[in-house]
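Quick notes on the structure that follows.
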Amino acid sequence: MLLLERRPVDSTLMRWTSPVLALVLTVITGFVLFMAMGKDPVEGLTFFFITPVSDLIGLAELGLKMAPLLLCAAGLTVCYRAKLWNIGAEGHFLMGALGASVVAVQLVDVSGFWVLPVVLVAGIVAGMLWAAIAAGLKTHLNCNEILTTIMLNYIALNLLLYAVHGPLKDPYGFGFPQSVMFGDAALLPDLIPGTRLHLGLAFGLLAAVSVWVLFARSFIGFQLNVVGQDQRAAAFAGFSARRLTWFAFLVGGATAGLAGASEVTGPIGQLVPQVSPGYGYTAIIVVFLGRMHALGIIAASALLALTFIGGEMLQIAMNMPKAITGLFQGLLLFYLLTCDAFIHYRIRLKQPAIKPTPKAVTAATQES
Amino acid sequence: MSAALRLKLENIVKEYPGCRANDGIDLTVESGEIHALLGENGAGKSTLMKVIYGVVQPDEGRMLWNGHPVKVDSPARARAMGIGMVFQHFSLFETLTVAENIALGLPTAEARDRRELDQRIREVSERYGMALDPRRYVSTLSVGERQRVEIIRCLIQETTLLILDEPTSVLTPQEVTDLFATLRKLAKEGCSILFISHKLEEVRSLCHNATVLRQGRVSGDCRPKDVSAADIARLMVGDDTPISTRVPAAEPGDVLLEVRDLSWKSSDPFGTSLKDVSVTLNQGEIVGIAGVAGNGQDELLKALSGEIRMDRGDMDLGGLGIGALSPDQRRKLGVAIVPEERLGRGAVPGMSLAENALLTASGQGLVDRGMIRFGRVRDFSRAVIRRFDVRCNGEDSTARSLSGGNLQKYIIGREALQNPRLLVASHPTWGVDVGSAVAIHEALVKLRDEGASILLISEDLDELYQLCSRIGALCDGRLSPLAPTSELTIEQLGQWMAGEFDSAEATHAAA
């Protein structure tokens, strides 16, 4: 019989091999899936994981997708370290995109170096305001943040849809639900000429470094860690859970809001309904896969960005459904959570115990 | 040894991941014998009890019951054989009556007829001098009465070996006397009793024989009445540990802390509310608060630390009202707290000792403009480790990896090195090895001599009498008068612990 028993000490080795193991298992499962669908698995996996990043354009596209993931994940890391399960990065992101667009649409014909910063700040503020709702509901009414943030995501999406179908709709857009194209002054500069890679990736990397400094050096990062690991110790030390909750949510809202703003001012250049393919949700996987560590989330965001591009590649090259991206992301998270169990537990072989008598079973239940 | 052997254990071994809790233990208990099992926390007493009661299975060894080899694979089996156990933490449903709680542990046939069951409960309780009404709800019972429920629950099933795990730790001195009378009567009728404790005087007054455990092995057997408490303590702790502290008299100075009519209402129906607690502390004195656990000690500590805000009353520290201040603001004014729970409140289990220093000592120049100064954190942590002889692998060891005593020395040291004006310590030596307890007592006395005021909340009366200049008791959230230790008899203190004092008198005496 196999017995899952608690390790006396958590395994550090397993903490870092678990993501790799999860990736390997995902690839193996992908292999089996391709075979079951009658596709060539080697070709499929090559299109998914390798072809997208085999040239500069491809790498630039990878960076393009990494930017929003990294920004969202950096903010979520701050929340998750404190065990605040903010699922709302998608909503913050959408509100950030909407907020930035509202300002950018007013400034279409304006030029000046200040336009872009104002547009980006509008996105950041919108994201923070959206996060503030969930933070306030948690600190003042003790509402579970998982539920409130998920529901706020849907409200944000519908607000965005209302905007592109209504007030922000381009009057000369042939009825398409989208805003006007932003003015040049409101667009993010490209990082590599000739590609679509823009300044957003720099924001993402900066956010990751900031998270690293926050948790490695700052006292507030330490306080967040204490709240996350041991609420009673935090109360004893006098660290205000309320203040820290606000801090974490506002940071989460700001980074995801900036991600949304960078997306509309970057590759898209206008507000469209499908501004996010689910970056805010995917960022959750990034945080866990990256072990809530700055370097980890950079690597994990690259991998998850690949699932978006690889998925598109498979749609084009092998006529596979769009769901392939979500499938691989889901597999990855599933295997990661499974492998993570072995950080705290290990498997031991054991001879089957003598079957207890029915009487003993009932009594033992009462005992506990 | 011609008397019938009730229980014989041979070479019991039980290993847990990372620790050999029982390492070849032999033990014999005769019928009608009260046998003490002594040892410090972590010596393996609880594991051995669980083996006997069938909660865990030994890896090696053999158990003989009335001369026959047996395998006890579950507590139900143990009860069927006639082994009863009263755990330190009771397993009673507060929302059920005494009789209902007892019925839960009985076979269905016996539990069905409630009237007969009530009758049996009354018979047993009268016979052994444990007054108890079977129809009362457990939530209305005192801790001592709850213990009676547990004992009666065992006796009603014709128990011939009763195991009691530290039964006196929750009782007032009078309740202890009553319990001992009951146990002696039980033994006289042939019931064997296994009495787990680390209170030596109690063992000497009650038990016929004693087995002492140290680090999972039997370190000696003795007849407690024939040897001194110091001899038994030696067997418990080994040869190289000091076992007591000499405490010179205190020279109290001016008033530092003045608490008047502190009241706080608990929102938990089974929690304890504080009622008009008044206490005055002078500089350079240790004041003790006795009381049975759960009578408001934790609430008082939290009210003083700022973790809960009192509803009513005044709290002055050196003439400054601190009642509305947060824990970290109070800490800046020189208030240090040592909570009862070391892991998970006094220290974060998964963090290193250095990080745990930051938990309360951030005001000691360890943080500069929001950034942690790791060099200073390490220096501070190392100073605590050195000055208080904390046994660990340096300041990077996790708090979880330390023994209870060493972690407690670290926590006390962390507070002491911040030169507090007021230290509130709750059960500072509970579950701590004797050597560490001595070191902790010495640290408290040293702080006192440097002029700090110390409020010592403890269930250990020996500790209170040894260290404190004045002692009072908490009962149901009310504080008794505080009397000078030299004038306070243990009987008087016991009555206070049981709530026999006048609140008005308490207020008067404190004012």
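Protein chains in written order, with my numbering: chain R, 15 to 382; chain C, 2 to 512. Note that the Cβ used here is the ideal one computed from N, Cα and C, for glycine as well. Given the structure is predicted, the values throughout are model-derived calculations rather than measurements.
- At least one beta carbon of chain R lies nearer than 8 Å to the beta carbon of C:E356.
- Chain-ordered, the chain C residues with CB closer than 8 Å to the CB of R:S232 read G371, M372, I373.
- Around the beta carbon of C:G254, fewer than 16 other beta carbons lie within 10 angstroms, which makes this residue exposed.
- For C:D166, the closest Cβ of chain R is not nearer than 8 Å.
- Not flagged as an interface residue toward chain R: C:A211, since no C-beta distance is shorter than 8 Å.
- Shown here for R:T259: same chain residues with a beta carbon closer than 7 Å to its own, the five before and five after excluded, namely L98, A149, K152, T153 in chain order.
- Between C:G371 and R:S232, the alpha-carbon positions lie close to 6 Å from each other.
- Where C:K186 is concerned, the enclosing alpha helix (DSSP H) starts and stops at 174 to 189.
- The continuous beta strand (DSSP E) containing C:P70 extends over residues 69 to 71.
- Distances from the CA of R:W144 to each of R:M306, R:L350, R:L155, R:I164 were compared; the closest alpha carbon is that of R:I164.
- Distances from the CA of C:A358 to each of R:A251, R:I64, R:I312 were compared; the closest alpha carbon is that of R:A251.
- Counting only the Cα atoms, R:V56 lies some 36 Å from R:F107.
- Within chain R, the C-beta atoms nearer than 8 Å to that of C:S327 come from G252, S254, in chain order.
- The beta-bridge partner set that DSSP reports for C:Y138 consists of C:T98.
- With a 10 Å radius around the Cβ and a threshold of 16 neighbouring Cβ atoms, R:P203 comes out exposed.
- Leaving aside the five residues that flank R:L238 on each side, the residues in its chain whose CB is nearer than 7 Å to its CB run, in chain order, V92, R95, A96, L258, A262.
- The C-alpha of R:K53 lies about 33 Å from the C-alpha of R:L84.
- With respect to chain R, the C-beta atom of C:R147 has no partner C-beta closer than 8 Å.
- Per DSSP, the unbroken alpha helix (DSSP H) holding C:K447 starts and ends at 435 to 450.
- Taking all protein chains in view, the Cβ of C:G68 is surrounded by fewer than 16 other Cβ atoms within 10 Å, so the residue is classified as exposed.
- Take C:V278, set aside five residues on each side of it, and the residues of its chain with a beta-carbon closer than 6 Å to its own are L263, L480, in chain order.
- For R:A74, same chain residues with a beta-carbon under 7 Å away, outside a window of 5 residues either side, are I206, T209, R210, L211 in chain order.
- Taking R:A319 as the centre and dropping the five residues before and after it, the same chain places the C-beta of L76, K79, M80, L83 closer than 7 Å to its C-beta, in chain order.
- The Cβ atoms of C:S454 and C:E341 do not sit closer than 8 Å to each other.
- Secondary structure of R:I206 (DSSP, three-state): coil.
- Taking C-beta separations shorter than 7 Å and ignoring five residues to either side along the sequence, the partners of R:M327 in its chain run F61, F62, T65, P66, following chain order.
- Pairing C:L354 with C:S327, the inter-Cα distance amounts to about 24 Å.
- At a C-beta separation below 8 Å, R:V240 has these neighbours in chain C: V349, M352, L360.
- At a cut-off of 8 Å between beta-carbon atoms, C:E451 makes no contact with chain R.
- When DSSP states are grouped into helix, strand and coil, R:R362 belongs to the strand group.
- Distance from the CA of C:L49 to the CA of C:L165, rounded to the nearest whole angstrom, comes to 12 Å.
- Interface criterion met: the Cβ of C:R346 is under 8 Å from a Cβ in chain R.
- Under the rule that a run must span 3 or more residues, the beta strand (DSSP E) segments found entirely inside the segment 23 to 108 of chain C read 35 to 39, 61 to 66, 69 to 71, 84 to 87.
- C:G289 is bridged by DSSP to C:L457, C:I472.
- Taking CB atoms only, R:F236 has a neighbour in chain C less than 8 Å away.
- Take the alpha-carbon of C:G62 and the one of C:L462: they are about 39 Å apart.
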